[in-house]
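Q: If you read the sequence shown in our numbering, its first letter stands for residue 51, the second for the next number, and so on. Backbone N, C-alpha and C define an ideal beta-carbon position, used for all residues, glycine too. Input: one structure, supplied below.
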Amino acid sequence: TNPSACCTAPATPAPAAAPVPAATPTPAAPAEKAKLKFVKADSEETAGEDGKGANAVDGDANTFWHTQWQDASPPCPHEIILELTPPAAIKGFTYLPRQDDSDHGEIKDYEFYVSNDGADFGQPVAKGAFAAGKELKTVTLIEPQTCRFIKLKALSEINGEAWSSDRKSTRLNSSHLGI
């Protein structure tokens, strides 16, 4: 297996988010679109490639978040936390796997969480398994959720490897994570 072709993994831990008061967020007005901001990931590859977590929401389809693979390959689960600014009511999310020739790090089994304070994510609001393939995956929530933070947890990788990658998830940016 060529580790440089894999997906997400930790290289340099992201700084911890500052504590946020646990107030119920006010959702964005209909005309106001929430923006996604990277908060942290459990693992990033920053030595062997530019696989930092912020790539998941940078709007560039040529970048992706990738977990560490150089010097160590921490096993799944892997997770990424994003902040919605301003807080918003979401109906689902999208996940676009990396679009290069590799399928390493493509998320298979996942859980999706929401939070108002960035600390208490409770139970997942969605969980399932993505089919293999490069196409955009869409998950619709049973009930819309108003939140300030979202977390995508990759429970397994499509090939059973340790890595995870995200071309962009939570769709506000094309070909990334999107809401």
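May I ask you to report which of helix, strand or coil DSSP gives P71?
A: What you label residue 71 is simply residue 21 of the sequence shown in a count that begins at 1. Because P71 carries a pLDDT of 47, less than 50, the predicted location of this residue cannot be relied on, and no value is offered for it.
Q: Taking the straight line between their C-alpha atoms, what separation do you get for I192 and T117?
A: Counting from one through the sequence shown, the residue named residue 192 turns up at place 142. Counting from one through the sequence shown, the residue named residue 117 turns up at place 67. Cα to Cα, I192 sits roughly 30 Å from T117.
Q: Please report how far the alpha carbon of A91 lies from the alpha carbon of Y163, in whole angstroms.
A: Along the sequence shown, read from residue 1 onward, the residue named residue 91 stands at position 41. Along the sequence shown, read from residue 1 onward, the residue named residue 163 stands at position 113. So the two alpha carbons sit approximately 14 Å from each other.
Q: Helix, strand or coil: how does DSSP classify V189 here?
A: As a first step, residue 189 is located in the sequence shown; it is residue number 139 there, counting from the start. Three-state result, V189: strand.
Q: Return yes when the Cβ of K87 is within less than 8 Å of the Cβ of T96, no when it is not.
A: Translated into positions along the sequence shown, residue 96 becomes position 46. Translated into positions along the sequence shown, residue 87 becomes position 37. No, these two residues do not count as a Cβ contact at 8 Å.
Q: Check whether the region 194-209 touches the region 156-176, taking contact to mean three or more Cβ pairs, one atom from each stretch, closer than 8 Å.
A: yes
Q: Pull up the CB-CB distance for S93 and H128, whole angstroms please, since I reckon it's below 8 Å.
A: On the sequence shown, residue 93 is found 43 positions in, with the first residue counted as 1. On the sequence shown, residue 128 is found 78 positions in, with the first residue counted as 1. At roughly 5 Å, the Cβ-Cβ gap stays under 8 Å, so S93 and H128 are in contact.
Q: Any heavy atom of the ligand MN closer than 7 Å to the CB of E161?
A: By its list of ligands, the structure shown contains no ligand whatsoever, and the ligand MN lies outside what it can speak to.
Q: Could you check if K201 is buried or exposed, using at least 16 other CB atoms within 10 Å of its CB as the buried criterion?
A: Counting from one through the sequence shown, the residue named residue 201 turns up at place 151. Buried is the call here.
Q: Taking the CB atoms as reference points, tell me whether A179 and A138 lie closer together than 8 Å.
A: As a first step, residue 179 is located in the sequence shown; it is residue number 129 there, counting from the start. As a first step, residue 138 is located in the sequence shown; it is residue number 88 there, counting from the start. Cβ atoms of A179 and A138: not closer than 8 Å.
Q: Just reading off the beta strand (DSSP E) that L134 is part of, what are its end residues?
A: The residue you call residue 134 lines up with position 84 of the sequence shown. Per DSSP, L134 belongs to the beta strand (DSSP E) from 128-146.
Q: Following the continuous beta strand (DSSP E) through K177, name the residue where it begins and the one where it ends.
A: The count along the sequence shown starts at 1 and reaches residue 177 at position 127. Element bounds for K177: 176-179.
Q: May I ask you to list the residues that DSSP assigns as paired with Q173?
A: By 1-based counting over the sequence shown, the position of residue 173 is 123. Its beta-bridge partners do not exist; DSSP assigns none.
Q: Only counting the same chain, and skipping five residues up and downstream in sequence, which positions put a Cβ closer than 6 Å to that of T190?
A: The residue you call residue 190 lines up with position 140 of the sequence shown. So the qualifying residues of the chain are G142.
Q: Rounded to the nearest angstrom, what separates N209 and G183 at their Cα positions?
A: Taking the first residue of the sequence shown as position 1, residue 209 is located at position 159. Taking the first residue of the sequence shown as position 1, residue 183 is located at position 133. When rounded, the distance between both Cα atoms is 12 Å.
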